[in-house]
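Below is one structure, written out as structure tokens, with a few remarks after it.
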């Protein structure tokens, strides 16, 4: 007979000092870290984000908020393309690029929480028919948000 010496798994929510978004609290209290990530931050899906960058050099030259130019490599299935757009920020830019490719994702709720030196981004998105929550995780808050948008789009695309 072999005894297990592993400690009991903590819940996903136990990794945060702040509460999760209300709609995810029950799942966060019952799922392990790996279970929650498998559900809300899928690593596979028809949509993938390659390079993403702001194509503008330096700071904006005008007063007040200015649109910036963004460029990304997106893959939908076997099709890989580079997209560009002007937007007020990276999440708006990615959303516009996805829309131009025929992928609808409207962000209806956005939350970022620190955990273990990283940023977890929780997004609720809608495609006009379905609503899904998704998550991104990265040391960089912008990359975390972009990962959450892609995860949400993938969850919406497979919800139909």
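Numbering (my numbering), first residue to last: 1 to 160. Note that beta-carbon positions come from the ideal geometry of N, C-alpha and C, so glycine has one too.
Distance from the CA atom of residue 51 to the CA atom of residue 25, rounded to whole angstroms, is 32 Å.
DSSP places residue 149 inside the alpha helix (DSSP H), whose first and last residues are 141-159. Bridge pairing for residue 37: absent [DSSP]. The three-state reading of DSSP puts residue 103 in coil, since its state is none of H, G, I, E or B. For residue 27, the uninterrupted alpha helix (DSSP H) run begins and ends at 25-30, by DSSP.
Cβ neighbours of residue 39 within its own chain (closer than 8 Å, five residues either side excluded): 27, 31.
With a cutoff of 8 Å on beta-carbon distance, residue 107 and residue 125 are scored as near each other. Within the model, the alpha-carbon separation for residue 62 versus residue 12 is close to 44 Å. Beta-bridge pairing by DSSP links residue 69 to 86. When DSSP reads this structure, residue 120 sits in a beta bridge with 113, 137. Of all C-beta pairs linking the segment 116-125 to the segment 62-77, fewer than three are shorter than 8 Å, placing the two stretches out of contact. Taking a C-beta distance under 8 Å as the contact criterion, residue 146 and residue 37 do not qualify as a contact pair. By the neighbour-count definition (other C-beta atoms within 10 Å, threshold 16), residue 156 is a buried residue.
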